[in-house]
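Presented below is the structure to which this report refers.
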Amino acid sequence: MDTAAILWARNTPCRQKSDKLILMILASYGRRDGDTVDAWPSVETLIENSGLSESTVYRSIDRLCEDGLIERLPHTGARKSNTYRLNVPHPENEQAPKNAKSPRRQSAVPSRASHGQTVSPPVQTLPVPDACGIRGRDFAATEAKRHAAA
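The sequence shown begins at 9 in my numbering and counts up one residue at a time.
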């Protein structure tokens, strides 16, 4: 599965909804080999995955070929299904907008304060449900009194 091919298929406009569905399914079966992305699911697999009729699948494939989004290569060797070459731009050839920022990941490790101490996030006091007639901070005070008396 090539993630760039799936994103490309998702963002590529198609003439019919069925064309988009077949393109997405082909992209999900796509494997990148250098500069090309090839998929070779059988028509039966496309029918099962899409829920479309055989004639609709064939028409969608024909339209995708006409629109230059895929190429249908005849089967070779042991494969009985056609190979579909998706005309996905290579990820390195796509340019990000000049003002685009790379996504930053939030670290799960707490930041370190000076002298090697960790900084904990602020603790929020949440109210406790009123199961016994005690609410919120009153619960902590009641618990402290109970433990002091014990």
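Glycine included, every Cβ here is placed at the ideal spot set by N, Cα and C. Since the structure is predicted, the reported quantities are computational estimates derived from the model, not experimental observations.
Expected contact under 8 Å - CB spacing of residue i and residue j to nearest Å
i	j	result
G38	A13	4 Å
I69	N95	Between N95 and I69 the Cβ distance is about 14 Å, and since that is not below 8 Å, they are no contact.
R80	C73	6 Å
Whole-angstrom distance between residue j and residue i, CA atom to CA atom
i	j	result
S26	T64	7 Å
N19	L31	11 Å
T11	S50	21 Å
P97	N90	21 Å
T53	H83	15 Å
W16	D75	15 Å
M9	N57	15 Å
Same chain only: Cβ atoms within 6 Å of residue i, ignoring 5 sequence neighbours per side
i	result
R23	R71
A47	L34, Y37, G38, Y92
K88	none
R40	D10
Other residues of its chain near residue i: CB distance less than 7 Å, five sequence neighbours each side excluded
i	result
K28	C22
I55	E62, V65
T44	R93
Beta-carbon proximity list for residue i, same chain, < 8 Å, skipping 5 on both sides
i	result
L60	S26, L29, I30, L54, S68
G85	none
K153	none
A156	none
task: At 4 residues or longer, and completely inside the region 56-92: list those alpha helix (DSSP H) runs for me, N to C.
output: 62-74
query: Going along the chain, which unbroken runs of the alpha helix (DSSP H) with 4 or more residues stay wholly within the region 16-57?
result: 25-37
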